[in-house]
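Data first, discussion second: the structure below is written as structure tokens.
2 protein chains.
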Amino acid sequence: MTSPKAKPTIYDIARLGEASASTVSAVLNGSWRKRRISQTTAERILAIAEAQGYSANLQARGLRRARSGMVGMILPVHDNRFFADMSQSFEAQARQRGLCPVVVSTLRDPAEEARTVGTLIAYAIDSLFIAGATDPAAVGELCRAADLPHVYVDLPGFDAPSVVSDNYLGAATLTETLVRNLAPAGDPLRDRPYFFGGDPGDYATSRRIEAFRATCTAMLGGVDDSQIIARGYAPARAREDIAALLDRIGGLPSALFINALTVFEGVLSHFVTLPAQAFERTVIGCYDYDPFAAFLQFPVHMIRQNSSELIARAFDLIGAEDRGPRVIEIAPELIAPRTIYAGPFGEFG
Amino acid sequence: MTSPKAKPTIYDIARLGEASASTVSAVLNGSWRKRRISQTTAERILAIAEAQGYSANLQARGLRRARSGMVGMILPVHDNRFFADMSQSFEAQARQRGLCPVVVSTLRDPAEEARTVGTLIAYAIDSLFIAGATDPAAVGELCRAADLPHVYVDLPGFDAPSVVSDNYLGAATLTETLVRNLAPAGDPLRDRPYFFGGDPGDYATSRRIEAFRATCTAMLGGVDDSQIIARGYAPARAREDIAALLDRIGGLPSALFINALTVFEGVLSHFVTLPAQAFERTVIGCYDYDPFAAFLQFPVHMIRQNSSELIARAFDLIGAEDRGPRVIEIAPELIAPRTIYAGPFGEFG
DNA sequence: ATGAAAGCGCTAACAA
DNA sequence: TTGTTAGCGCTTTCAT
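Going line by line, the protein sequences match chains A and B.
Its first residue numbered 56, the first sequence is counted upward by one per residue in the numbering used here.
Its first residue numbered 56, the second sequence is counted upward by one per residue in the numbering used here.
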């Protein structure tokens, strides 16, 4: 059908339609009304373009317009339910706006972040969503230098608007749930909730720790520094640290606040070495949701961030006049154990 | 430091370095040796470019070279461990080759597949990795028409090379494991393995069903059509279907081969309505790996596809002379229950 | 050892 | 109502 040789250009269409390239251009991107091109011409051109299987060379258009029609998003990793959700929402909403989504992971590596953002800028992306950066300030500076509209998602930036999950609310809710479900073991050390995992240098983690502290203080009368263990996200690290904790306090704590799915993975790999009854008097919470984690041997209370809403508000902010820094918070949701929350294929209520 | 006005171009550098744009161009992309540009000139230009924070406009370069330096990959969804793994591997390997990875999900929707591929072609991507397409033939045809090198990943294409997981081997291995671990309940219907989930129209699923049948026949003397239930990937559907199955055969089967993680999610949401002891005489397997699924109330044998190897071989094929169709199979791995396989953060042995 | 010039495909003034 | 023209920033002959 169509395979003479190469992709047709507007000049080919112009020749076939006995019109000029600019007319074709105008027709093909809908701006022909205001250029007062006749209905007949427009239809003729359109028909020819269709017949030739024309599609614009987006690089040429981008070069001319000094923008590419692509929107970028950087995130730490794909292999994580929360970030995967974000990608999904981001793509859907970008397409809805006629933009081409480009999502790239930067592996929590500041050098990779800078490199990637540099590349995206070199491709003239129209705007950048920064969803998880180890060095947000550096990324922001690159954007500023390139005059690139950007927005921070799930972490607050100081040079541009941000939309973040309400980490305080989420962590307070989760902590409260844990405390309400406490089944004391009768041991002073184990009868406390422990906060486990993440990096206190991260904005999200620090807010969660604040909330954890405040809630413990309010409901239990206090909290000790030893109840906070936050030394990273790596599963291997988490495994070591959880083993050390159980060792130190002589068993499972009555409540454990796990700060990320990767941390949870590490914790689990240690938990399987314990007998089933060890969990009888322990209540577990995890900040972030995973459908399989909802069905473990023991009940797990989880917080699910509203990634779709985070992204939607971020698009609003990017589109807004005001480029100034400000932070919008989105409430996350508490998910009860044994609940499947709808994924992309899910038609669960 | 750098923020006079706009991004510098080669002409700016040329002026500052008292050289011509072509010299600058040659210096900046390393081809200056063969253009016999003097070491001194090269160094001078380089220094200036550095000082000005020059970085090439990739759209302009792409327009000129008729290729963009981007590699595309399409996949069904991000929110799935297997595909998330693929993205991660794809990105890493694309970057290693100096290419910019662009991963887009197409939601198992043929129209979206066509639209997305059209867009990627319009951006002049250098090559396309097709990892999961509902209508591979249509996608292939688009690529062919655009003369775009492409490779199929995890599904076989007929117009270009493919690298697929060895679904037969994986399914045979998993089935064999299930059968070896069979704990008969003493009921003729329940004492059989059941294959559950997926779409028999998919290449992968059909191969797995073949292997399931063959293995059952070899080890148990036969298999009945009623042991194969494959009516899609949606969790909701899986929940209905598993309920119907248990109803029909009067309880859990002694062995269940679950064909995808999304299916497993649906199955679990029904399983939680059952008493714990219901699982005592059942052995479960899942094709595809999830770290949390490894730690459910009951042991789960899983197959983990080697996405990194799949991608590596796909890059080899794209780079190769021979563009003809052929299929390379990669063996997947059996993962025992209670095992955490290293993820991006994992430092497990 | 380097520069001049053409042109990739498109858009947007500006003419007519 | 439409055509002409001038680039966007880069690479690449072809001349020096």
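For every residue, glycine included, the Cβ atom is placed at its ideal position computed from N, Cα and C.
For the pair of segments examined, the stretch 124–139 of chain B was found to touch the stretch 152–168 of chain B: the number of CB pairs separated by less than 8 Å reaches three. In this structure Lys89(B) is exposed. Its beta-carbon is surrounded by fewer than 16 other beta-carbon atoms within 10 angstroms. With fewer than 16 neighbouring CB atoms inside 10 Å of its own CB, Thr95(B) falls in the exposed class. Under the Cβ criterion of 8 Å, His205(A) is not counted among the residues facing chain B.
The Cβ of Leu183(B) sits no closer than 8 Å to any Cβ of chain A. Counting only residues of its own chain and dropping the five nearest sequence neighbours on each side, Arg163(A) has a CB closer than 6 Å to the CB of Pro131, Thr189.
Under a criterion of Cβ atoms nearer than 7 Å, the residues of chain B adjacent to Leu113(A) are, in order, Ala177, Tyr178.
Exclusion of the five residues before and after Ala386(B) leaves Asp221, Leu224 as the residues of its chain whose Cβ lies within less than 6 Å of its Cβ. Excluding residues up to 5 positions away in sequence, Arg263, Ala266, Phe267 lie with their Cβ nearer than 6 Å to the Cβ of Ala226(A) in the same chain.
Residue pairing by DSSP places Glu388(A) opposite Arg359(A) in a beta bridge.
Ranked by Cα distance from Met125(A), the first of Glu73(A), Ala104(A), Ile180(A) is Ile180(A).
Apart from sequence neighbours up to five positions away, the residues of its chain that approach Ile313(B) with a beta-carbon distance below 8 Å are Phe251, Gly252, Phe319, Val322, Ile339, Gly340, Cys341, Tyr342, ordered along the chain. Ranked by Cα distance from Leu389(A), the options Gly379(A), Asp345(A), Arg381(A), Gly374(A) are led by Asp345(A). In the structure shown, the three-state DSSP call for Phe250(A) is strand.
Excluding the 5 residues flanking it on each side, Gly306(B) has same chain C-beta neighbours closer than 8 Å at Ala240, Asp242, Arg245, Ala333, in chain order.
Relative to Val382(B), the option among Pro392(B), Arg393(B), Thr394(B), Leu365(B) whose CA is nearest is Leu365(B).
Residues of the stretch 281–295 of chain B with a C-beta atom less than 7 Å from some C-beta of chain A are Tyr288, Ala289, Pro290, Ala291, listed in chain order.
Nearest neighbour of Ser217(B) by Cα position, chosen from Asp377(B), Ala391(B), Val79(B), Pro392(B), turns out to be Asp377(B). Cys271(B) has its alpha-carbon roughly 26 Å from the corresponding atom of Ala289(B). Rounded to whole angstroms, the separation of the alpha carbons of Gly72(B) and Gln143(A) is 46 Å. Residue pairing by DSSP places Leu130(A) opposite Ser160(A) in a beta bridge. Proximity to Tyr249(A) across Val278(A), Val82(A), Ala74(A) peaks at Val278(A), based on C-alpha coordinates.
Counting the other CB atoms within 10 Å of its CB gives Ala121(A) a total below 16, which places it among the exposed residues. DSSP, read as helix, strand or coil, puts Ser93(A) in coil.
Cβ-Cβ separation between Gly173(A) and Gly195(A): approximately 14 Å, too far for a contact (criterion under 8 Å). In this structure, the CA atom of Ala273(A) is about 38 Å from the CA atom of His205(A).
DSSP places Ser309(B) outside both helix and strand once states are collapsed to three, so it counts as coil.
At a cut-off of 8 Å between beta-carbon atoms, Gln352(A) makes contact with chain B. Nearest CB-CB separation between Gly117(B) and chain A: below the 8 Å threshold. Burial is judged here by how many other beta carbons sit within 10 angstroms of a residue's own beta carbon; Pro63(B) has at least 16 and is buried.
CA-CA distance, Ala177(B) to Ala310(B), rounds to 49 Å. The beta carbon of Thr260(A) is closer than 7 Å to those of Gly253, Asp254, Ala285, Asn314 in its chain, skipping five residues each way along the sequence.
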